Structures are given as structure tokens and as C-alpha cells.
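316 is the number that the UniProt record's numbering gives to position 316 of the sequence shown; each next residue is one higher, with no gaps.
Think of the CB as a built atom: it goes at the ideal place given N, C-alpha and C, for glycine as much as any other residue.
The model shown is predicted, which means the values in this text are computed figures rather than measured ones.
In what follows, a structure is listed as C-alpha cells, so that the remarks can point back to it.
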Amino acid sequence: MKKSKVVLAAGVLGVTALVAKKKLIDETVTKQLIPRHWDEKELNDRLIAFTEALALGEEEAIKSFLLGKTAKQFNSLKGQSLTFLEAHFVSLYKVKGDSYNDLRGLVSYRVATPKKEYTYLIKVARLGNEQKLDWYIQKIVEQDHGIKYPNQYLLQLTPIRSNEELCLIETDAGMITLRVFQQDAPKAVKNWRGLAKQGFYDGTPFARVIKDFVIQGGALDGSGEEGQSIYDGFFEDEVDEGLYHFDGAVCLGNHGPNTNGNQFYIVQRSYVDKEQLYRMNLPLKVRSHYEAVGGIPELDGRYTVFGQVVEGMPVVRAIAAQATDEQDVPLNPIMIQKITFKKANQT
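In C-alpha cells form, the structure reads like this:
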């Protein structure tokens, strides 16, 4: 975050609010409220300014946002390059007092350094008078020690190498070209290549499709063949290796942990649910890419990602847009004709 000038809040509370600051202990809750969008905006603007104050590391500026002795609990952030991530009300309520000084809230506040992301659960109070109202951090209820970002580059964002092997899925609707990531999902890729080269998927349908979610293929009919693989049965997950459910990600379907076989799906969502996204501890570049291209981050860590579509997303979207029954089964399924492989520099 750019270290911009911070406008201090000192001197704006007025006599009424200064008295209220001394009476924040043992308050009586009178009413629970639903936060409005302007409540959220007020809070976010205030905590963005607080984040800037922390980045500058100026003690008086930091203290102007705080009530009580909470400054030392933010010591790990002072003077660092900080990025404000988000703040939202967990709860909002009124306490006994005048209408300028009766709002309180429980807030999740998230901020990141280049190496870690921190989450604070804070109690806040809105105090002031007819001239000025501001939110203040009253108390830190809980905090973590910072979730460390993995030191990694994103394979899904790297350029295709000249000798890289690409996989071509020829369908009734057109061609889908994808790259696979043997480095980070070796068992999944070996199984995919093995089954595809045996012709396992040839002549099979995309048997489950959900628009703005996924298209799914493989053995989905409950026949017991879901576990068919080159490993003679189900094999383990590879879910923590830096591959993500971006739009166009190719992944293994399963029935629970370590039940991978031949089921696969392709993510089809050109937007992201930001509420879900910001509940997750993700590197900033991952979060930014989700916001840029879309995807389903809530599936990360549960299913193995082993590939990424590089050409043919309009085909994927056409397959996802099919009419289906109540079980998400296409009324006229689009078939996989065959799967082949080629080097990226081959025509």
C-alpha cells in the first residue's frame, strides 16, 4: 500500500464522545442491527486509514484510531509495507447512550504484508458528536500470528514452453486445449495421460454440467467404475501444491479424501464470489487472479487441480450452457470424441 498522508482524528471527538470513551466497559446492549452498505463503507474507509497509519509507523497517528491500550498488539505491522484486504461486521448493535455514541460492532479486519496475512477480530465503537463521527478500535478479541504466504510462482500463469506437451480434447462442440502440471500433480497427470491414451474417455459424455460452475466427465453413473485408474483403484489427493480453481482449471472429481479415479471436471465461472474469496488465506497474486478471471476458490484444498484450459473456453461455456434435468444431466449430452497429445510447437 502506498504510504499516503494520514489525517489524524485527534481533537474531533468532542466532550460528549470523550466522556463516552470512559464508559465503554460493561455496556448494556439494547438492540442488534443489520449493517447497511454505508456502515460497511464507513468502517472500511476508517480501517484503510488505520492501515496507512500502521504502514507509516507513527505512534500518535496509530493511537488516534484506538481506545485503551491496544497499540502494542499491532506492533508486528508497524512500519511495514501493508495492503488492506477487507473489513466486515460480524455483528452490529446498539448500547445505552446518546445517539452519537451508541453504536458498537464486532469486526473481522484483514491486512497483509508481502510475506504474511493477518486476521484480527476487533470490537469497535462509533463515537463523536454532531460535527464528527468516527469508528474506533475498542478491543482486540482474537488475532492470529500471521498466515505465511508460500514462496512460489503460479504454474497456471506461466507462459507455455516451446516443448511443452498439450492435451487436446475433441468434442462435439469443438476443441478444448489444456496444459497439465506434472510437476505439482504428478499422480493425477500420469493417470490422466494413461487413461486418455488407452482411449478410456473416447465416446463418453460430459454427463453433468452446471452453468457458472463446472462441466464434468468420466464415470459418473454409479456403476462402480469411478475408481478405475492406472493405479488399479482410487488414489490419493494432491491438493496443497499451489494449483487453484481458476476459471478453466481442470480437476479430479472424487467422493471424499483420497478417492480419485477417472472423474474430472473443468471449472466454468468467469467471476468469483468475493465473500468466499476473502474468507480464505490466499497469496495476494492468487486473490488478484481470481478477481481478474473468476473461478471457485471455495473448492481449493478439497480437489486436485492438475491442468488448465489454454484454448477453447468458449467450447467449455457452450457445454455448460446446455439444457439439463433436475439432476444436472444434459438432455442431449455433448460427447468427447477423442483425446490426443502434442508438443506446443507442433502444428
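Report the residue ranges of all alpha helix (DSSP H) runs contained in full by the stretch 29–111; include only those spanning at least 4 residues, in chain order. Taking only runs of at least 4 residues, the alpha helix (DSSP H) segments lying wholly in the stretch 29–111 are 37–56 and 59–63.
Ranges of the beta strand (DSSP E) found wholly within the stretch 181–208, counting only runs of at least 3: The stretch 181–208 contains no whole beta strand (DSSP E) run of 3 or more residues.
Is the separation between the beta-carbon of residue 138 and that of residue 214 shorter than 8 Å? The count along the sequence shown starts at 1 and reaches residue 138 at position 138. The count along the sequence shown starts at 1 and reaches residue 214 at position 214. In this structure, residue 138 sits away from residue 214, with a CB-CB distance that is not shorter than 8 Å.
Where DSSP assigns a beta bridge to residue 335, which residues make up the other side? As a working mapping, residue 335 is identified with position 335 in the sequence shown. Answer is 205.
Three-state class that DSSP yields for residue 330 in the structure shown: Here residue 330 corresponds to residue number 330 of the sequence shown, with the count starting at 1. Here residue 330 sits in strand by DSSP.
Return yes when the Cβ of residue 322 is within less than 8 Å of the Cβ of residue 209, no when it is not. Translated into the one-based positions of the sequence shown, residue 209 becomes position 209. Translated into the one-based positions of the sequence shown, residue 322 becomes position 322. In contact: residue 209 and residue 322 (Cβ atoms closer than 8 Å).
If you measure between the beta carbons of residue 200 and residue 333, is that distance less than 8 Å? Taking the sequence shown and counting its residues from 1, one reaches residue 200 at position 200. Taking the sequence shown and counting its residues from 1, one reaches residue 333 at position 333. Contact: no.
Let me know if residue 118 comes out buried or exposed under the rule of 16 or more other beta-carbons within 10 Å of its beta-carbon. For this step, residue 118 is matched to residue 118 along the sequence shown. Sixteen is the threshold: when 16 or more other Cβ atoms of the shown chains lie within 10 Å of the Cβ of residue 118, as they do, the residue is buried.
Quick one, are the C-beta atoms of residue 306 and residue 250 less than 8 Å apart? Stepping through the sequence shown from its first residue, residue 306 is reached at position 306. Stepping through the sequence shown from its first residue, residue 250 is reached at position 250. Yes, the pair counts as a contact, with Cβ atoms nearer than the cut-off.
Drop a sphere of 10 angstroms on the beta-carbon of residue 203, count the other beta-carbons inside from all chains shown, and report buried for 16 or more, exposed for fewer. Working through the sequence shown from its first residue, we reach residue 203 at position 203. Classification for residue 203: exposed.
Going by beta carbon distance, what residues of the same chain come within less than 6 Å of residue 191, once the five residues before and after it are set aside? The residue labelled residue 191 in the question sits at position 191 within the sequence shown. Taken in chain order, the residues that qualify are 229 and 230.
Is the number of C-beta pairs between the stretch 169–180 and the stretch 286–293 that are closer than 8 Å three or more? no
Please report the distance separating the alpha-carbon of residue 257 from that of residue 126. Within the sequence shown, residue 257 is the residue found at index 257, counting from 1. Within the sequence shown, residue 126 is the residue found at index 126, counting from 1. Near 46 Å, if we compare the C-alpha coordinates of residue 126 and residue 257.
Which first and last residues belong to the beta strand (DSSP E) in which residue 271 is found? In the sequence shown, residue 271 corresponds to position 271, counting from 1. From DSSP, residue 271 is part of no beta strand (DSSP E); its letter is neither H nor E.
Beta-carbon separation (whole angstroms), residue 128 vs residue 100, contact threshold 8 Å: Here residue 128 refers to the residue found at position 128 when the sequence shown is read from its first residue. Here residue 100 refers to the residue found at position 100 when the sequence shown is read from its first residue. Sure, about 6 Å apart at Cβ, within 8 Å.
Given a cut-off of 8 Å, decide if residue 185 and residue 304 are closer than it, judged by their beta-carbon atoms. The count along the sequence shown starts at 1 and reaches residue 304 at position 304. The count along the sequence shown starts at 1 and reaches residue 185 at position 185. Yes, they are a contact pair.
Could you check the C-alpha separation between residue 260 and residue 105 for me, to the nearest Å? Position 260 of the sequence shown, counting from 1, holds the residue named residue 260. Position 105 of the sequence shown, counting from 1, holds the residue named residue 105. Spanning the two alpha carbons is a distance of roughly 44 Å.
Quick one: measure Cβ to Cβ for residue 287 and residue 277, integer angstroms, because I've assumed they're closer than 8 Å. Numbered from its first residue, the sequence shown carries residue 287 at position 287. Numbered from its first residue, the sequence shown carries residue 277 at position 277. Yes, they are in contact, since the Cβ atoms of residue 287 and residue 277 sit about 6 Å apart, within 8 Å.
What residue range does the alpha helix (DSSP H) around residue 317 cover? Mapped onto the sequence shown, residue 317 falls at position 317. Taken as a continuous stretch (DSSP letters only), the alpha helix (DSSP H) holding residue 317 covers 313–320.
Here's the rule: buried if 16 or more other CB atoms are within 10 angstroms of the residue's CB, otherwise exposed. What is residue 122? For the purposes of this step, residue 122 is identified with residue 122 of the sequence shown, where counting begins at 1. It is buried - the Cβ of residue 122 has at least 16 other Cβ atoms within 10 Å.
Only counting the same chain, and skipping five residues up and downstream in sequence, which positions put a Cβ closer than 6 Å to that of residue 77? Sequence index remark: in the sequence shown, residue 77 carries index 77 (1-based). For residue 77, where only same-chain residues beyond five positions count, the Cβ hits under 6 Å are 54.
Extent of the continuous alpha helix (DSSP H) to which residue 287 belongs: By 1-based counting over the sequence shown, the position of residue 287 is 287. Segment 284–293, the alpha helix (DSSP H) holding residue 287.
Going by C-alpha to C-alpha distance, which of 339, 80 and 28 sits closest to residue 195? Along the sequence shown, read from residue 1 onward, the residue named residue 195 stands at position 195. Residue 195 has its Cα closest to that of 339, out of 339, 80 and 28.
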